[in-house]
Amino acid sequence: MEDFFNYPLLHFGKYQLSVYHLVVLGLMVLGTWVVLFLLRKAIYRSKRLDTGRKYALFQITRYFLLVVVITLGLESMGVNFTVLVAGSAALLVGIGLGLQNLFNDFVSGIILLIDGSVEVNDVIEVDGLVARVQEINLRTSVVRTRDDKYLILPNSILTGGKLINWTHHGELSRFQVNVSVAYASDVAQVMALMQGVALAHPQVLRDREPFVRLLEFRDSAMEFELLFWTNEVFRVDNVKSELRIAIHRAFRENGVEIPFPHRVVYHKGGGEKVGGE
348 MEDFFNYPLL HFGKYQLSVY HLVVLGLMVL GTWVVLFLLR KAIYRSKRLD TGRKYALFQI
408 TRYFLLVVVI TLGLESMGVN FTVLVAGSAA LLVGIGLGLQ NLFNDFVSGI ILLIDGSVEV
468 NDVIEVDGLV ARVQEINLRT SVVRTRDDKY LILPNSILTG GKLINWTHHG ELSRFQVNVS
528 VAYASDVAQV MALMQGVALA HPQVLRDREP FVRLLEFRDS AMEFELLFWT NEVFRVDNVK
588 SELRIAIHRA FRENGVEIPF PHRVVYHKGG GEKVGGE
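Sequential numbering from 348 applies to the sequence shown in the working numbering.
Next up, the structure:
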């Protein structure tokens, strides 16, 4: 049996891969898979952590465990990992200079997983693009846009640029819908109609009551702003559209006019005045 386990399979210079090494590596891989499986079950069963933190904790643990297993695997084959790293230091420096962006993405991925500024299922906005985070890996992250397109973004974009996290403190944010009405309209009536429309919408929260304010006096209209809270952050444009439709219907039923700009054109020759849009 000893001769069987010591039987050489491959040679790498002064190192050799025997049946014993192959069995040890197989057991390490199997053990790692079992540990990760049980660890994932334990982490995702916890009720004290949200989904994003569970994902980050599991990913960090998984990467750490893989590094340890690879190191132990090399040591079991007789490879001195310390000497290997020290001997390739110059090569690593050269590679690092040529792959700065790649290493920046790796470091950014570790930062994202540790600090929790961006987590899985968060709704983020980067350079005007709104998307939901699906995966955070070491080098890249996968996000899904409102058009259900999947984008792969380098992690450095999420840590180095201006980013808005709409759900950093939970699936709740405030949004607004602006409407202009004619100056002849009754201000109190307009505000009551807009607030009533918001309260009737199923996606608008009741515990944080929506409110309306007179935002500005414009050239031909008064501009009002409806502010409301909702959990439907990712598809909030649909909620806004439904609110605008309902507001338009309520205004028509109550005689509130939504004006459009008018222009008056004068003809120099005949002195005739023509009104038009």
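The beta-carbon is built from N, C-alpha and C at its ideal position, and this holds for glycine as well.
Mind checking whether residue 459 and residue 483 have CB atoms under 8 Å apart? Yes, the Cβ-Cβ distance between residue 459 and residue 483 is below 8 Å.
Check your understanding: Just checking, does the stretch 524–540 make contact with the stretch 566–578 on the three C-beta pairs under 8 Å criterion?
Key -> Cβ pair count under 8 Å is three or more, so yes.
Where residue 402 sits in the DSSP three-state scheme:
helix
**Prompt:** By how many angstroms is the C-alpha of residue 493 removed from the C-alpha of residue 582?
**Reply:** 7 Å
- Which partner residues does residue 563 have in the DSSP bridge list? Paired residue(s): 570.
| request: Can you give me the Cβ contacts of residue 602 inside the same chain, cut-off strictly under 7 Å, excluding the 5 residues immediately before and after it? | output: none
Determine which residues share a DSSP beta bridge with residue 525 and list them.
-> 572
| Cβ of residue 515 within 8 Å of Cβ of residue 469? | yes
Host alpha helix (DSSP H) of residue 585 (start-end) | 583–600
Note to self: Would residue 561 and residue 534 be called neighbours here (beta carbons separated by less than 8 Å)?
What the structure shows: For residue 561 and residue 534, yes; Cβs fall inside 8 Å.
- Is the beta carbon of residue 471 less than 8 Å from the beta carbon of residue 511? Residue 511 is positioned such that its CB atom lies closer than 8 Å to that of residue 471.
Proximity of residue 576 and residue 555 at Cβ, strictly below 8 Å: yes
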